[in-house]
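Notes follow once the structure below has been shown.
Protein chains: 2
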Amino acid sequence: MITLSPIGTVQNIRKAVEDDNWGRIVSVVELEASFREEALFQIEEFSHAEIIYYFHLVEAGKIETGARHPRNNMDWPRVGIFAQRGKNRPNRLGATIVKIIKREGNQLFVQGLDAIDGTPVLDIKPVMREFLPREEVRQPEWATELMKSYW
Amino acid sequence: MITLSPIGTVQNIRKAVEDDNWGRIVSVVELEASFREEALFQIEEFSHAEIIYYFHLVEAGKIETGARHPRNNMDWPRVGIFAQRGKNRPNRLGATIVKIIKREGNQLFVQGLDAIDGTPVLDIKPVMREFLPREEVRQPEWATELMKSYW
């Protein structure tokens, strides 16, 4: 077993779990008081960061360990939980690349974080070009359809 | 506190911790026996996946919670631990986009995973185009330099 401790919390206007329309949401990731603000020093030199967070509202009994239709939409194929990004997944980890707006002390302001208010944050990583795919990205049609109203 | 359980393990030829030259390394991520292989069903419809893993060899006493020079290289600026991707970080999480080569049963073969043999894996997510940065990526010069021999 691996034990983690939140490094911060998400603050935004999304209080309820929703599937779509995350693109314009501005969130503040506020570091826990145990961190000095220098832990974020110079992050604004990057345009984007990846936020790794914990889907804290997902109940243990709802976690899928096999395969299912994404969003339970029967029009889409039944695919493995590791072949989709749904929240009801083992370890309940979310990972999303966001746009950095600004930093103020121990608060990082970001746009496009698909996590609701109160979500525990486990890590913040700067996005480097070299960590993005170095070959053309290919994905199934259902994924493109699912993402149509996401941002 | 948040408790996680590895969903799989990395197998590859890298037995020791090294900084660079990860690009050609082929790794197998083998799911834990508690998962049915259908958890990976249809992942090969995607060209890339993101692997979230745990830097299990990092000692608690070596974790940086403030700022430091990346790779302790004094030629580079002192930046916050959340403004760099080094392994000595709170919660010891790694997250890397890899190329999917193939799947065989409960084994996923990938290229470009920067994790050594025996590393515990916490999640596998398919890469969707829509989850990549939707604006131009900007990064400081030190990051571009650091990444020169990484892959």
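Going line by line, the protein sequences match chains Y and E. Each residue of the first sequence is one higher than the one before, starting from 1 at the first, in the working numbering. Each residue of the second sequence is one higher than the one before, starting from 1001 at the first, in the working numbering. Where is the CB? At the ideal position from N, CA and C, for every residue including glycine.
If the cut is a Cβ gap below 9 Å, which residues of chain E does residue i touch?
i	result
Y:T96	F1131
Y:W151	E1130 and R1134
What residue does the beta strand (DSSP E) around residue i start on, and which one ends it?
i	result
E:T1009	G1008 to Q1011
Y:D123	P120 to P126
Y:I2	I2 to L4
E:F1109	Q1107 to Q1111
Can you look up residue i in the DSSP assignment and give me helix, strand or coil?
i	result
Y:K87	coil
E:F1082	helix
E:G1094	strand
Y:S27	strand
E:L1040	helix
Y:E45	helix
Y:A60	helix
E:R1014	coil
Y:R103	strand
E:R1134	coil
Closer than 8 Å by beta-carbon distance: list the chain E residues that pair up with residue i, in chain order.
i	result
Y:E38	G1066, A1067 and G1080
Y:D123	F1082, R1089, P1090, N1091, L1093 and A1095
Y:V127	P1133, V1137 and Q1139
I think residue i touches residue j, with their Cβ atoms under 8 Å apart; what is that distance to the nearest whole Å?
i	j	result
E:P1077	E:T1009	Not a contact, Cβ separation roughly 36 Å.
E:A1095	Y:I52	6 Å
E:V1127	E:R1092	Contact doesn't hold; Cβ gap of about 23 Å is too wide.
E:A1049	E:I1116	At roughly 18 Å, the Cβ-Cβ gap does not stay under 8 Å, so E:A1049 and E:I1116 are not in contact.
Y:W151	Y:W22	6 Å
Answer yes or no: does any C-beta atom of chain Y fall closer than 7 Å to that of residue i?
i	result
E:L1057	no
E:S1027	no
E:P1070	no
E:F1109	no
E:M1074	no
E:R1085	yes
E:A1143	yes
On the DSSP letters alone, give me the boundaries of the alpha helix (DSSP H) that residue i sits inside.
i	result
E:E1141	E1141 to L1146
Counting only C-beta atoms, is residue i closer than 7 Å to chain E at any point?
i	result
Y:T9	no
Y:L4	yes
Y:I116	no
Y:A60	no
Y:E45	yes
Y:R24	no
Y:V137	yes
So with CB distances below 9 Å, who are the chain Y contacts of residue i?
i	result
E:Y1053	None at all; the shortest Cβ gap to chain Y is about 10 Å.
At 7 Å on the CB atoms, spell out the chain E contacts of residue i, in chain order.
i	result
Y:E50	A1095
What residues of chain Y sit near residue i, judged by a beta carbon separation below 8 Å?
i	result
E:M1001	T3, L4 and S5
If the cut is a Cβ gap below 7 Å, which residues of chain Y does residue i touch?
i	result
E:K1099	E135
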